[in-house]
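Here's the structure we're looking at; comments come further down.
There are 2 protein chains.
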Amino acid sequence: MIEQIAQKARQASVITASLSTDLKNHALQAVAQALQAQQDQIITANHEDLEQAQADKLAPALLKRLKFDQAKLQDAVAGIESLISLPDPIGTTISATELDQGLELYRVTCPIGVLGVVFESRPDALVQISALALKSGNAVLLKGGREAVNTNRALAEVIHDAAVTAGLPQGWMALLETRQDVTAMLALDEYIDLVIPRGSNAFVKHVMDNTRIPVLGHADGICHVFVDTNADLEKALNIAFDSKCQYPAVCNAMETLLVDARIAKTFLPKIKAAYDQVGVELRGDQRTQEIIDCKSASDQDWRTEYNDLILSIKIVDGLDDAVDHINTYGSGHTDAIVTENEDHARKFMALVDSGNVFWNCSTRYSDGFRYGLGAEVGISTNKIHARGPVGLEGLTIYKWKLIGQGHIVADYAGPNAKPFTHKKLNKNCPIDNP
Amino acid sequence: MIEQIAQKARQASVITASLSTDLKNHALQAVAQALQAQQDQIITANHEDLEQAQADKLAPALLKRLKFDQAKLQDAVAGIESLISLPDPIGTTISATELDQGLELYRVTCPIGVLGVVFESRPDALVQISALALKSGNAVLLKGGREAVNTNRALAEVIHDAAVTAGLPQGWMALLETRQDVTAMLALDEYIDLVIPRGSNAFVKHVMDNTRIPVLGHADGICHVFVDTNADLEKALNIAFDSKCQYPAVCNAMETLLVDARIAKTFLPKIKAAYDQVGVELRGDQRTQEIIDCKSASDQDWRTEYNDLILSIKIVDGLDDAVDHINTYGSGHTDAIVTENEDHARKFMALVDSGNVFWNCSTRYSDGFRYGLGAEVGISTNKIHARGPVGLEGLTIYKWKLIGQGHIVADYAGPNAKPFTHKKLNKNCPIDNP
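Read top to bottom, the protein sequences are chains A and B. First residue of the first sequence: 1, per our numbering; consecutive thereafter. First residue of the second sequence: 1001, per our numbering; consecutive thereafter.
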């Protein structure tokens, strides 16, 4: 069953890869209109989910995420409209080279193919991800939260059908509904090219361990702020406070504060006063505990993503020690240095092996919307393909298109081999998508 | 033991990532000089391997690949020198955006980290891969063919030590020697970022099935040439002959010839005459067998990489049928159309889901050297990160570098949120590697 859905998505992906920009934008417009036209039906479905969730006594935070009302629908429509205004990421010539007279090589962006996305309970994620897939010419299998099953069904039907009416192939998107469906999907490396799991660390790791399909995701967000000996203490206070407290439940919030031993006595009491006002629980290493009153941090604390108003603090002996701690215990997500010393900033940003390395600003900026990517598929702590916040571009790859006039390799081999010219060309591939 | 080697490589990779272009090129020069200065020792080690291989009665083709004489060493040195002349792939600003006044975001290329490369019996591959790793700032673990153990040890020692003397960190490259070492390496996803297996299909698949580390490689090279109804038959003859016969033992050689039914009667007898002259075994579908005398092709033939003077032939009903066959049975490597019809070429190149799609030229062009990439790490049939021939650029990724003046996210949230400017900047990251 899932195999048939995936096979159909694979067939559809060949078509979606070759759609024109106009057709894709037209389809996105049709999706936006259909969501508005059929909002009653969608909101009714959401009410069913909300009632069931209340009966199941879901936590208020989860109920809030599950809710899909007119305001959320308008936000989703606005998201689609901003996506329409973004340039088409497909069909861009990345490089052009003349190999020899009349033999020209072009590297041109194209979709990845079929995406498998597993997302959390927010139904708006379904709208966003399917719109991103459509714009980037990918087919997509989606699995949302169990609690949102009725909302997701309603949304998926509206989006799929509106896009198909506008010219997309049947089956370009499909909804999976159970954990078993996801397990089945992870085995279908023949049809699915990239899995994007969004959710708990445990779930992302589970996915990574159970598929041959490449996985784009991040397992942990253990972010650091390092207050250097040359820090402006005012900036350091603001950044350390914002990175922890502005929204502690997310992956780009700071989990460990590193403080240079030379300024720890000045800095730590001040930041503790700020944290105390909002009730941040502090866990310090031995030297930190000698300066401020706090709990004791264990080795396990350095590896923990609290996602809460809890912070571990360590005093380090200079920049190298800080870099070492981050590269040992961090998760490669986002790490910041506060310093007025440009050499220290340069060294930190070169040596810290994370997707996002910041100087004098909060770790909380690490986000596709704030980066101006338009929309975000997720944040990647992978070391290949895409790193940090992933927007449309992360859903693309490229093809090499070689255009000749009957050229054969035999002419470029042996004692009378013709040489290659390898001349850079400054033009776009003449053989583009329709 | 392997874990310690990998851990050391990981530590070294932090340093190699931040080396200047000058230092890396100087180190490559030192490696080239050391290889020449110590060529006697290397060639003596190779003699030991050759003697053992002869005693083990290795096939002449393998002996030829194993041989590392003065000529091969000169080629390797020339390869290093051409690598020195290539631009540094690290530290390039890919994009620059002002998020707000004084808050600037840069996306800058950086190395992937630690590579694990398993290569075939040619010792020259060791020189090439370690030089590519050095130029791209990656640390690398290498495992060569068992037959070449003495040559590889000698080469690895010379290369490692010359580079370390020139400023690279100890352990930036290391040689693994046994299959057990490779198995151990595949489990070390904590230290190794990318595995590049070169070798038999069975081996590449084995690697993919036995690691959580991303794998860059290609399992099969099942390449097609489609002779369209609008083909120039002279070009079609040349291309079909070259794609199969110019060097049949390699992954970019054609394995299946697809011929439009409307020109099959004209074309097939001519191409058969050409193939017969060099003894190509032909296996055709039913319709092909009605036109020319050949063996019968089974469904399994469409999935087989012969790597030999054997060719399967199928008559198809037009372009869509050809595309369908390729997307069903192909391996996503390299597929060519021969046609004078630009619309057919456009459609073929858009719909065939392969890393390399060619128009009126031989599949044999699919190669990093011919593409002008300078050097090739391998050919990827992955759908993410890098596709087709992979050169230096495939060994890089990027970091997001955000530079502020004490900026915090709280100012951009809530009722009085400041807006982001998201203005494209036309400048390079001012905080570059040393």
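Glycine included, each C-beta is placed from N, C-alpha and C at the ideal position.
| field | Beta carbon proximity, residue 361 of chain A to chain B, threshold 7 Å | value | yes
| field | Proximal chain A residues relative to residue 1014 of chain B, where beta-carbon distance stays under 8 Å | value | 323, 327, 351, 353
| Are the C-beta of residue 356 of chain A and some C-beta of chain B separated by less than 7 Å? | yes
| Alpha-carbon spacing of residue 187 of chain A relative to residue 211 of chain A, whole angstroms | 6 Å
| field | Classification of residue 1399 of chain B by the beta-carbon crowding that lies within 10 angstroms, buried from 16 upward | value | buried
| Are three or more beta carbon pairs between the stretch 196–209 of chain A and the stretch 314–325 of chain A nearer than 8 Å? | no
| said: Which residues in chain B have a C-beta closer than 7 Å to the C-beta of residue 401 of chain A? List them in chain order. | reply: In chain order: 1349, 1357.
| request: Could you tell me how far apart the beta carbons of residue 172 of chain A and residue 32 of chain A are, in whole angstroms, since I believe they sit closer than 8 Å? | output: In fact, because the Cβ distance is near 17 Å, the residues do not count as touching under 8 Å.
| Name the DSSP beta bridge partners of residue 1436 of chain B, please? | It is not possible to answer for residue 1436 of chain B, since the shown part of chain B is limited to 1001 through 1434.
| Nearest CA to the CA of residue 431 of chain A: which residue from B/1351, B/1421, B/1404? | B/1351
| request: Name, please, each residue of chain A whose Cβ falls closer than 9 Å to the Cβ of residue 1388 of chain B. | output: 107, 398, 399, 400
| query | Counting contacts by CB-CB distance shorter than 7 Å, is residue 238 of chain A in contact with chain B? | reply | yes
| query | According to a CB-to-CB cut-off of less than 7 Å, which residues of the stretch 1074–1099 of chain B neighbour chain A? | reply | 1097, 1099
| Taking the DSSP output, what are the residues bridged to residue 145 of chain A? | Per DSSP, none; premise fails for residue 145 of chain A.
| request: Report the three-state DSSP secondary structure of residue 334 of chain A (helix, strand or coil). | output: strand
| field | Contact set between the stretch 410–433 of chain A and chain B, restricted to residues whose Cβ is under 8 Å from the partner | value | 410, 412, 413, 420, 422, 431, 432, 433
| When DSSP labels each residue in this structure, what does residue 1296 of chain B get in the three-state scheme? | For residue 1296 of chain B, the three-state secondary structure derived from DSSP is strand.
| What residues of chain B sit near residue 345 of chain A, judged by a beta carbon separation below 7 Å? | Those are 1431, listed as they occur along chain B.
| Quick one, which residues of the stretch 1173–1205 of chain B are near chain A if we go by CB-CB under 8 Å, in chain order? | 1193, 1194
| request: With DSSP as the reference, please indicate the residues paired to residue 1110 of chain B in a beta bridge. | output: Residue 1110 of chain B is bridged by DSSP to B/1397.
| Under three-state DSSP, which class holds residue 390 of chain A? | strand
| message | On the DSSP letters alone, give me the boundaries of the alpha helix (DSSP H) that residue 1358 of chain B sits inside. | response | Residue range 1356–1361 is occupied by the beta strand (DSSP E) that includes residue 1358 of chain B, with no alpha helix (DSSP H) assigned at that position.
| For the 8 Å Cβ check, are there 3 or more pairs between the stretch 1012–1025 of chain B and the stretch 125–133 of chain A? | no
| Helix, strand or coil at residue 1168 of chain B [DSSP, three-state] | coil
| Near residue 1065 of chain B, what residues of its chain come up, given a Cβ to Cβ distance below 7 Å and the 5 sequence neighbours on each side ignored? | 1121, 1122
| task | Verify whether the separation of the beta carbon atoms of residue 6 of chain A and residue 192 of chain A is less than 7 Å. | result | yes
| task | Run down chain A in chain order and give the residues with a C-beta less than 8 Å from the C-beta of residue 1232 of chain B. | result | 406
| query | Looking at the C-beta of residue 112 of chain A, does it have a partner C-beta in chain B at a distance below 7 Å? | reply | It does; some Cβ of chain B falls within 7 Å.
| said: Is residue 208 of chain A close to chain B? Criterion is C-beta to C-beta, closer than 7 Å. | reply: yes
| task | Select from A/255, A/423, A/247, A/175 the residue whose C-alpha is nearest the C-alpha of residue 1412 of chain B. | result | A/247
| task | Please compile the residues from chain B whose C-beta is within a distance smaller than 8 Å of the C-beta of residue 372 of chain A. | result | 1097, 1099, 1105, 1420, 1422
| Does the distance from the CB of residue 1016 of chain B to the CB of residue 1144 of chain B come in under 7 Å? | One thing to note: residue 1016 of chain B has its Cβ no nearer than 7 Å to the Cβ of residue 1144 of chain B.
| request: Label residue 1278 of chain B either buried or exposed according to how many other C-beta atoms from any shown protein chain fall within 10 Å of its C-beta, with 16 as the threshold for buried. | output: exposed
| said: On the criterion of 16 or more Cβ atoms from any shown chain inside 10 Å, does residue 387 of chain A qualify as buried, or is it exposed? | reply: buried
| task | Can you pull the chain B residues whose beta carbon is under 8 Å from the beta carbon of residue 246 of chain A, in chain order? | result | 1408, 1409, 1410, 1413
| Is the Cβ-Cβ distance between residue 421 of chain A and residue 98 of chain A less than 7 Å? | yes
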